[in-house]
Amino acid sequence: MNLSTTTRSFTAALVAAALCTTSVLALEGDRSVFPALAEERTRLVINGVTDADVIAPLIRNFQETAPDVTVEFNDYVSNDLFREAELACRLKRSHGDLWISSSVDHLVKLANDGCARAHQSVETERVSAWANWRDEVFGFAFEPAVIVYDASQVPPEDVPRSHVEIAELLRRKPDEYWTRIGTYNVQLSGVGYLLAFHDAQQAPTSYGRLLESFSRAQVVTSCCNKEVLDLIESGRLKIAYNILGSYAYARYLRNNDMRVVVPRDYTLILTRGAMIPTHSPQPELAARFLDYLVSERGQQVAREKAFYFAENAPLPPGVDGPISLIESGIGRPIRVGPALLAAQDRATREEFIRNWTSLFAPGAPQQ
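Here it is in structure tokens:
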């Protein structure tokens, strides 16, 4: 039975209101402390955009090489970290020893504004050219933007394996998937904005069709990967779009109904970036941790226990996609560099978000 427009609009408004409430409460995450393995002699403070349980294996393994170091990790939503880091830089005050963010455009903007310390070492020479800007912003994790679906709710014939197939599915079965698709809210999420911005550049026609289909289906938007994945796992959503591969795969390992698909037309790949701020209280210790992140040891831990995907390794077992994203030609790395400044241009950003938001406003006219 088709739902009436009034009922749809009312339901969508309730969903949006609930998600907005959740997002406000989740603007800044928890503070996690990893005590030194031996007597504490110093403390490294990391302000980052990643769940503490994701970065924990890397921190603990690093501490095996530095047993006298306690690590404090403060988990942020990307927009909040950027705002606080920008303010600290402008006021020339410290804000942690190291910044980590999946919104690498934020880090590039901060570095461009003079907020980063340059760092060179034998280990940083390992970083691919596309993931190193001016020896100030370093990528250390390979993060494809994937599709996630609940295999208990989505039949095999409905599984989308490209951006176009999602749009076609929503046109073909509008009632089955109305308010059952999730993605980022680009107003709240820096990484959501970055991925959406590059989707629009990568394939403007197909992305336009996808947004139109999302609008018709009253897509559910949220600030964070975790919230969207929670909604799928609870049965509230069936499919999620543009989820970072590491979060998606970690959930799959816990619940095999949470399937991960690499889009076959193209797959955006961003690198989670690390930067030593200009006013880092302990730049040498921060550099030591940064070197660990990009080292062979750190990369192995990241691939096996934290972020799972790697530039020069096959896709993790169970992921629906080609063996190699890069060699297949599907992967589209988002290069860390000055081109990302365009995404942070205020007028460009405001216009993009305004246009995007107009399509997802609860109760927006349905054509």
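Numbers -26 to -1, 1 to 341, taken from mature numbering (1 follows the signal peptide of the UniProt record, and there is no 0), label the letters of the sequence shown in order. Each residue gets a CB set at the ideal place from its N, CA and C atoms; glycine is no exception.
- Contact between G247 and S75 holds: their C-beta atoms lie close to 6 Å from each other, under 8 Å.
- Excluding five sequence positions before and after K83, the CB atoms of its chain that fall closer than 7 Å to its own CB belong to L315, Q318, given in chain order.
- Unbroken alpha helix (DSSP H) runs of no fewer than 4 residues, entirely contained in the segment 23 to 75, are found at 26 to 39, 52 to 64, following chain order.
- Between H69 and P251, the C-beta spacing is below 9 Å.
- Ranked by Cα distance from D54, the first of K66, H80, V7, R64 is H80.
- Taking 9 Å as the cut-off, the beta carbon of D49 is found no closer than this to the beta carbon of D71.
- For N216, the uninterrupted beta strand (DSSP E) segment begins and ends at 213 to 218.
- Take the alpha-carbon of P288 and the one of A261: they are about 29 Å apart.
- Taking the Cα of L299 as reference, the smallest distance to any Cα among V120, P255, A40, S254 is reached at V120.
- The C-beta distance from L244 to S187 rounds to 24 Å, too long to meet the 8 Å contact threshold.
- With respect to V122, V78 sits apart: the two C-beta atoms are not nearer than 9 Å.
- Beta-bridge annotation (DSSP): Y123 is paired with I213, R233.
- Between L203 and A141, the beta carbon gap of about 22 Å keeps them out of contact (Cβ cut-off 8 Å).
- The DSSP-derived three-state label of V268 is helix.
- Around the C-beta of L18, 16 or more other C-beta atoms lie within 10 Å, and the residue is accordingly described as buried.
- Secondary structure within the segment 129 to 155: the alpha helix (DSSP H) runs of 4 or more consecutive residues, fully enclosed, are 137 to 146 (chain order).
- Relative to S189, the option among R15, F334, A280 whose CA is nearest is F334.
- Residue environment analysis places D173 among the buried positions, since at least 16 neighbouring C-beta atoms fall within 10 angstroms of its C-beta.
- In the structure shown, the three-state DSSP call for G113 is strand.
- Counting along the chain, the unbroken beta strand (DSSP E) around G305 starts and ends at 305 to 307.
- Between the C-alpha atoms of R91 and W104 there is a straight-line separation of about 19 Å.
- Annotation for A174: the continuous alpha helix (DSSP H) segment containing it runs 164 to 176.
- For the 9 Å CB-CB criterion, P31 and K279 form a contact.
- Taking a contact as a CB-CB distance under 8 Å, the pair Y266 and T39 counts as one, their CB atoms being some 7 Å apart.
- Per DSSP, reduced to three states, the secondary structure at T252 is coil, with no helix or strand assignment.
- DSSP lists A115 as the bridge partner or partners of R246.
- When C-alpha distances from N286 are compared across E270, G292, S95, the shortest belongs to E270.
- Shown here, N286 sits in coil according to DSSP, grouped into three states, outside any helix or strand.
- For T322, the enclosing alpha helix (DSSP H) stretches over residues 320 to 334.
- Counting along the chain, V202 sits inside the alpha helix (DSSP H) bounded by residues 199 to 207.
- The C-alpha of I20 lies about 18 Å from the C-alpha of K66.
- Here DSSP, grouped into helix, strand and coil, assigns N106 to strand.
- Between I213 and V128, the gap from beta carbon to beta carbon is short of 9 Å.
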